[in-house]
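A.B. asks:
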Amino acid sequence: MLAIFGRKKITESQVADLFVNHTLDVVDQGWPVVREFIIDSAEFAVAPEIEEEDYGKFLMIILAVNFSYIPKHFEAGVDREIIRKSVERFAQIFDITPEEFAKKLKDYKSFLSRVNHPSSKMRYSVPKGIFFKYHLNTYQEDYFQKLNTPNPIFLKNLDEVTRHFIWDWNSFKEKFKVKELTA
35 MLAIFGRKKI TESQVADLFV NHTLDVVDQG WPVVREFIID SAEFAVAPEI EEEDYGKFLM
95 IILAVNFSYI PKHFEAGVDR EIIRKSVERF AQIFDITPEE FAKKLKDYKS FLSRVNHPSS
155 KMRYSVPKGI FFKYHLNTYQ EDYFQKLNTP NPIFLKNLDE VTRHFIWDWN SFKEKFKVKE
215 LTA
């Protein structure tokens, strides 16, 4: 119910539902744009070959980054409950156990931290994660290929395209107040 002079109150479970459904919708609609951007990128010597159906790695990169921001925007306990419920929902969607999904998520977070080192800003790990998970180095000019590093112009441009996949939790919290429900 919307308060007269306040934010709409929603439960942790509703936050998880919104997060899961919205993220899946945005990735489903946005992946073709990201894929086309990569294929058409002038920074590659040869156009990368990425299958239209191959959005799973992209989805996991986006999920890992978005999950990493939840504890920064919600109180302790509330954040864990939102994460737990979101993990359960994603696991059900992907027909795996919550433990398997949590491990996959942890592996992606770890991978993104490594490829983004020394930066600790997870948002910037998205283009680097895409670069390495989709093996884009093989399509680069010799100079960058030998360095095994992404062309910085490509990274900057891809960051512009992918920044819209990161949840704006500040805006979310301006509209909604999370009320805790005890199980």
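For my numbering, count along the sequence shown from 1 and bump the result up by 34. For glycine and all other residues, C-beta sits at the position ideal for the given N, C-alpha and C.
Identify whether Thr131 lies in helix, strand or coil by the three-state DSSP scheme.
C.D. replies: Here residue 131 corresponds to residue number 97 of the sequence shown, with the count starting at 1. Thr131: coil per DSSP, three-state reduction.
A.B. asks: In whole angstroms, give me the CA-to-CA distance for Asn191 and Arg148.
C.D. replies: In the sequence shown, residue 191 corresponds to position 157, counting from 1. In the sequence shown, residue 148 corresponds to position 114, counting from 1. In a straight line, the C-alpha of Asn191 is about 21 Å away from that of Arg148.
A.B. asks: To the nearest angstrom, how far is it from the Cα of Asp88 to the Cα of Gly40?
C.D. replies: Residue numbering aside, residue 88 sits at position 54 when the sequence shown is read from its first letter. Residue numbering aside, residue 40 sits at position 6 when the sequence shown is read from its first letter. C-alpha separation (whole angstroms): 42 Å.
A.B. asks: Between the C-alpha atoms of Pro152 and Val160, what's the straight-line distance to the nearest angstrom?
C.D. replies: For the purposes of this step, residue 152 is taken as the residue at position 118 of the sequence shown. For the purposes of this step, residue 160 is taken as the residue at position 126 of the sequence shown. Taking the straight line from one Cα to the other gives about 14 Å.
A.B. asks: Out of His107, Met156 and Gly90, which one is the CA nearest neighbour of Ile127?
C.D. replies: Walking along the sequence shown from the start, residue 127 turns up at place 93. Among His107, Met156 and Gly90, the Cα nearest to that of Ile127 is on Gly90.
A.B. asks: Using CA atoms only, rank isn't needed, just tell me which of Ser120, Ser102, Thr57 and Val67 is closest to Gln48.
C.D. replies: By one-based count along the sequence shown, residue 48 stands at place 14. Ranking Ser120, Ser102, Thr57 and Val67 by Cα distance to Gln48 puts Ser120 first.
A.B. asks: Measure the CB-CB distance between His56 and Trp203 and report whether it falls below 8 Å.
C.D. replies: One-based indexing of the sequence shown puts residue 56 at position 22. One-based indexing of the sequence shown puts residue 203 at position 169. No. Outside cutoff.
A.B. asks: Closer than 8 Å by C-beta to Thr131: which residues in its own chain qualify, once you throw out the five before and the five after it? Chain order, please.
C.D. replies: By one-based count along the sequence shown, residue 131 stands at place 97. Excluding residues within five positions, the ones whose Cβ falls inside 8 Å are Ala125.
A.B. asks: To the nearest angstrom, report how far apart Phe86 and Glu70 are at their CA atoms.
C.D. replies: As a working mapping, residue 86 is identified with position 52 in the sequence shown. As a working mapping, residue 70 is identified with position 36 in the sequence shown. One detail in the question is off: residue 86 reads as Glu in this sequence, not Phe. Roughly 9 Å between the two C-alpha positions.
A.B. asks: At which residues does the beta strand (DSSP E) containing Lys42 begin and terminate?
C.D. replies: Locating residue 42 in the sequence shown gives position 8, where the first residue counts as 1. Lys42 -> beta strand (DSSP E) spans Lys42 to Thr45.
A.B. asks: Take Thr68 and list the residues in its own chain whose beta-carbon comes closer than 7 Å to its own, dropping the five residues that flank it on each side.
C.D. replies: Position 34 of the sequence shown, counted from the start, is the residue given in the question as residue 68. At residue 68 the sequence reads Val, which differs from the Thr that was named. Only Phe92, Val195 and Thr196 meet the Cβ criterion.
A.B. asks: The beta strand (DSSP E) spanning Phe210 covers which residue range?
C.D. replies: Taking the sequence shown and counting its residues from 1, the one referred to as residue 210 is at position 176. Counting along the chain, the beta strand (DSSP E) containing Phe210 begins and ends at Phe210 to Lys213.
A.B. asks: Inspect the CB distances between the segment 95-104 and the segment 133-150 and report whether three or more fall short of 8 Å.
C.D. replies: yes
A.B. asks: Using the three-state DSSP reduction, which class does Phe206 fall into: helix, strand or coil?
C.D. replies: As a first step, residue 206 is located in the sequence shown; it is residue number 172 there, counting from the start. Looking at Phe206 - three-state DSSP - the assignment turns out to be helix.
A.B. asks: Give the straight-line distance between the Cα atoms of Ser102 and Arg114, rounded to the nearest whole angstrom.
C.D. replies: Counting from 1 along the sequence shown, the entry for residue 102 is found at position 68. Counting from 1 along the sequence shown, the entry for residue 114 is found at position 80. Between Ser102 and Arg114, the C-alpha separation is close to 11 Å.
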